[in-house]
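Undergrad:
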Amino acid sequence: MQDDIYTDNPSENELNFRYSREERLKNAPDTVKKYYAGEGPTPPKGFFKALVHTKSSRFTFMALILVLALVVSLIFFGPKANESSLQNTNFTLSAFSFEEKIFISIKTETQETKQINLPLEITISVFDNEKQLINQQKIESLITQKEEFIRTIFTDYDIISVEVEVTNTDTKESILLTSMVEKN
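Numbering (this note's numbering), first residue to last: 115 to 298.
Written out as C-alpha cells, the structure is:
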C-alpha cells in the first residue's frame, strides 16, 4: 500500500530539481567560497605538529605528559608492598626459590641510636597461584640490634606469594608485608 499526495493542479505534481554549484556559491559566505576554491586552512603535517597545532591540543598534550610523569614516578618511587615500618623500625620482605625450596627473609633496620628491645610476633603465610593458603608459620623474635634478619624456609615449590604480618606484642600494633616469590 502506498500513499501518494497530489495537489489539485496537475502541473504542480511534477518534480523539478535544478542544482548549480556556481549559483549556490554566489550567495555563500567568503569562508565557504575560499574552502571550495582550495584556499582553506590545511591540517598540519606530522604527528607532533598535530599534537601542538592549536591551543587546546597543546593543553591536552601537556596534561597527558604530566599524568604520564605522575604515574611513572608513583610506580618507581611510591610505596612498596614488601616494605613498611613499625615503631621506627623498617621491615623489608624478600622471597626467592632455590632447589625446590622457598627462602623467606625479613630484614629489620631500626632508626634508633639507643638500645632497643622490640618483641615481635611474626606470622608468615604462603599462597599458591590460586591464592589458596598452603602453609602458615608463627615466629616470635626480639629485635635488639640496629640491623637483623629473620629467615625461614618452606619446601613446597608451588608457592608464588608470601604474606607476613608483623605484630609488636607489647603495643599490639601490626603491619602487613607481601611479596611475590622470585623464581630462579
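In this text, a Cβ means the ideal position worked out from N, Cα and C, and glycines have one as well. A quick note: this is a predicted structure, and the numbers were derived from the prediction, not measured.
(1) Could you spell out where the alpha helix (DSSP H) holding E174 opens and where it closes?
(2) Taking the alpha helix (DSSP H) that E137 falls in, what are its first and last residues?
(3) Quick one, are the C-beta atoms of I216 and V240 less than 8 Å apart?
(4) Going by the CB atoms, is the gap between T266 and P233 shorter than 8 Å?
(5) Does the structure place the stretch 268 to 275 close enough to the stretch 237 to 251 that three or more beta carbon pairs sit under 8 Å?
(6) Please name the residue or residues paired with Q251 in a DSSP beta bridge.
(7) For A195, does the three-state DSSP call read helix, strand or coil?
(8) Can you tell me whether T224 is buried or exposed, with buried defined as 16 or more other CB within 10 angstroms of its CB?
(9) Can you grab the Cα-Cα spacing for the pair T237 / Q251, in whole Å?
(10) Would you mind reading off the limits of the beta strand (DSSP E) that contains T266?
TA: Straight from the coordinates:
(1) As a working note, residue 174 is residue 60 in the sequence shown. The residue asked about is misnamed: residue 174 is Thr in this sequence, not Glu. Segment 169 to 191, the alpha helix (DSSP H) holding T174.
(2) As a working mapping, residue 137 is identified with position 23 in the sequence shown. Per DSSP, the continuous alpha helix (DSSP H) segment holding E137 begins and ends at 135 to 140.
(3) Your numbering for residue 216 matches position 102 in the sequence shown. Your numbering for residue 240 matches position 126 in the sequence shown. The answer is yes: Cβ separation under 8 Å.
(4) Position 119 of the sequence shown, counted from the start, is the residue given in the question as residue 233. Position 152 of the sequence shown, counted from the start, is the residue given in the question as residue 266. Contact: no.
(5) yes
(6) In the sequence shown, counting from the first residue as 1, residue 251 sits at position 137. According to DSSP, which records beta bridges pairwise, Q251 is partnered with I238.
(7) The residue given as residue 195 occupies position 81 in the sequence shown. In this structure, A195 counts as coil in the three-state DSSP scheme.
(8) Numbered from its first residue, the sequence shown carries residue 224 at position 110. The residue is buried, with at least 16 neighbouring Cβ atoms inside 10 Å.
(9) Position 123 of the sequence shown, counted from the start, is the residue given in the question as residue 237. Position 137 of the sequence shown, counted from the start, is the residue given in the question as residue 251. Using only the alpha carbons, I get a separation of about 6 Å.
(10) Counting from 1 along the sequence shown, the entry for residue 266 is found at position 152. First-last of the beta strand (DSSP E) with T266: 261 to 268.
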